Structures are given as structure tokens and as C-alpha cells.
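To keep things clear, I will list the structure first and then write my remarks on it.
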RNA sequence: GGUCUGAUGGGCGAGUGGCUUAACCAACGGUCUGCAAAACCGUCUACAGCGGUUCGAAUCCGCUUCAGACCU
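In the working numbering, the protein residues as written are 1192 to 1499.
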């Protein structure tokens, strides 16, 4: 359609989003094979080593069939976030598009996809000591005290945030305090220009079927040795990487807070809730076009129509 | 055939005449700029049916239906 205008673009990034368990990974491999493309993950948890089962990382066969990036390539101790992801992924894509016309990006982390496609503003990363201090204050003085300070430092943002959400309040404070300027002033909300074409597709299926798949997949994970995987990680349970569905619930079980059966049920429930949040996120981004994960032909046709 | 007990929102489960939207769970909807598989917000006004008593009934009475237990 606007191919001539796109001449500066170096290739097409096929972004696949959608709820967990909806068949994103398998679809990605299919598309990657069809378009001779490598795959980069947009999943905030599959990047870690030692979490293969619980995060449903691509199988060995899938990884042998197609080159995957951002899968199990760092330690759970490594700090990683959407900002670093943006930088690293962009650098990688720069390289990949030198020899590929297509790259497939799959994963369930909406924020990571946003970072990759639209970019993050140049805000400071978390400062460990400041973060610890704010956390301390949250515990001793309470959220309302932090909210008051935010009102003082950034009344505009205080007006729009959910002041009940301590995570958001603290991050805003973090930015205000480290930069000396209001957080809201530094949020441009602008969409970064990318040197590649982007096509977003999301996988969807009837809710009841999706939930059934999620439930079954959890049972399958347990059969595949998830509990052992969790045991290895148990000593590191406090790490952010392990604040993850499929791990926390079993940590609680090891702590005697619930039975194994209850833990498994909770993993299922929390996975379902996660899936729902993902659907909400991806629905909000109107650039996503939804398909049944098995409707490969229609998806390929759609991609061919919009690729450069 | 008879006696008794029970019947509360998707589930569980309080509540014995007038301020319960009980609570909890599930589910559903949503928010989203560096911990995002995180963090957080909102919604779900039921009392088996019919009739009666009463100023007022989920709560008392009667009948009906259903369920369970027991008796002959």
C-alpha cells in the first residue's frame, strides 16, 4: 500500500502477542520457518536460565529448528527490565535485519513489546538504594505518606495515578527524586520511529478452551518436572525473576502455607488471571489483529499484505 | 405411606422479623513508560415456588416442589 514510503525500512518485524497458552510459540516457529526468520522473545521471564519448564520456554526441537534470542540467556540474579530489553533488542534487530528480511518477535510481556515497538522515554533506571529507602518508608510511614510526597513533587501525575498502587507511586517518586524534575514532565508518550516495519498479530481462542489448555499445561509442567525446577530456585525465591506464576505458589507450598494440590490449583488460577490481563493489554493496542493460532494461512496472507 | 431435616447469588457459607451489598472463593471488566508472569482498581444486591400473618419477612405460619435421613 504505502510501500514506496517505507523504503527506509530495512525489514519487517512480525510481532506476536496474545494470552499465555494460546499457541504463540508454536505459531512463531511456523511463521519463522515460512519466512526464514529468526525469533526474538518478548517475554520477561523466558529470558532466564533455569526456568524452562515453568515459563514454557520453546522446546529444544523448536530452538534447533529456528534461532531464538532472549531465551534462557541470563541468570535469575541478573537485573533486567523493559528499558534494557529495548536497548538490547534494538541492537540485536539492527544486526538481524542485515541478513534477514523478516524477524519474528513473540512473547507475552506487553510492556516489553511496547518498549520494542514504541520505545520507552529516557527515564532513569531504578536506583537500588533509593528503592530500598522508599520501600522502608512505605513500611514505616505507609502509602499515604508517599502519596503526599508525590502530590508535592508532581501534582500532575499524582492526579492521574492510582494512588493505591504503591509500585507506581514509588516509581514516580524514584524518578522525581533522582532527576529533580517531575515524573510527568518526562513522560512524552510519544511513539519512537523504528527502522523496520512492524506487523502485530495476536492469538485468540474461546475463553473456555483457553482456560482448559492453561489448566492442562500446568499439569503437564508438573509431570515434566516443574517441582524439581522450583526446588533449585527456592533459595533464590526473593529475586524479582522469581516473582512469577508457577514458582511463587510452590515456594509457598514449601513454606508449608498450602498443600501441593492447592499450589497447583493456584498456579492454574493465577495463570488464568494472567491470561486475562494479557488480553486486556493486547486488546487495548489497536494495532494488533487477532487470529486463531491455527489459522496459519490467513496469518501468512495478512503478513504478506502488509510486509514491505 | 409416615416422620424429621434442609432448600440462600457460579461455588462455599453466615445471617432466626426492620443498618448485611455478610465474608470468602471463582468469574467478569479495567489500569499500565525500567521489578510487568509485577503492582493495582472496579463489578457480580441472592434468599426454591405460591399464599398468609405483620406497619415490615430470607427470617413466623400453611400448602406445593425438590433433596437427604429415618420409620413402617
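Here a beta-carbon is modelled for each residue, glycine too, at the ideal position from N, C-alpha and C. Fair warning: this is a prediction, and the values are worked out from it, not measured in the lab.
Residue(s) in a DSSP beta bridge with residue 1250: Paired residues: none, contrary to the question.
Residue 1235 in three-state terms, based on DSSP: coil
Same chain, Cβ closer than 8 Å to residue 1453, neighbours up to 5 away in sequence not counted: 1444
8 Å Cβ shell around residue 1338 - same chain, five flanking residues per side excluded: 1349, 1354, 1360
Anticipated Cβ contact below 8 Å, residue 1294 with residue 1264, distance rounded: That belief does not hold up - the Cβ atoms of residue 1294 and residue 1264 are roughly 16 Å apart, past 8 Å.
Beta-carbon proximity check, residue 1366 vs residue 1315, cutoff 8 Å: yes
Cβ neighbours of residue 1450 in the same chain (closer than 8 Å, five flanking residues each side left out): 1444
Secondary structure, beta strand (DSSP E): runs of 3+ residues fully inside the region 1254-1297: 1293-1297
Rounded distance between the beta-carbons of residue 1215 and residue 1207, thought under 8 Å: 5 Å
Extent of the continuous alpha helix (DSSP H) run through residue 1441: 1439-1445
Classification of residue 1286 by the beta-carbon crowding that lies within 10 angstroms, buried from 16 upward: exposed
Short Cβ contact (8 Å threshold) for residue 1364 with residue 1334: no
Beta carbon of residue 1343 nearer than 8 Å to that of residue 1336: no
Nearest-angstrom Cβ-Cβ length linking residue 1234 and residue 1298, presumed shorter than 8 Å: 3 Å
Terminal residues of the alpha helix (DSSP H) in which residue 1407 lies: 1398-1414
For residue 1386 and residue 1448, the rounded distance between their alpha carbons: 50 Å
Residues of its chain near residue 1225, where Cβ-Cβ distance is below 7 Å and the 5 sequence neighbours each way are ignored: 1491
Inter-stretch contact at 8 Å, needing at least 3 Cβ pairs: the region 1411-1421 / the region 1250-1261: no
Residue span of the beta strand (DSSP E) that contains residue 1388, given as start and end: 1388-1394
Residue 1207 - partner residues in DSSP beta bridges: 1297, 1392
Residues near residue 1232 by beta carbon distance below 6 Å, same chain, minus five either side: 1261, 1262, 1298
Continuous beta strand (DSSP E) stretch holding residue 1480: start and end: 1480-1482
Euclidean distance between Cα positions of residue 1269 and residue 1259: 20 Å
Classification of residue 1495 by the beta-carbon crowding that lies within 10 angstroms, buried from 16 upward: exposed
Span separating the alpha-carbon of residue 1397 from that of residue 1245: 24 Å
Alpha carbon of residue 1424 to alpha carbon of residue 1236, nearest angstrom: 14 Å
First and last residue of the uninterrupted alpha helix (DSSP H) at residue 1471: 1451-1475
Cβ contact (3+ pairs, closer than 8 Å) linking the region 1370-1390 and the region 1303-1320: yes
C-beta atoms of residue 1391 and residue 1480 nearer than 8 Å: yes
Nearest to residue 1483 (by Cα), restricted to the options 1212, 1204, 1203, 1202: 1212
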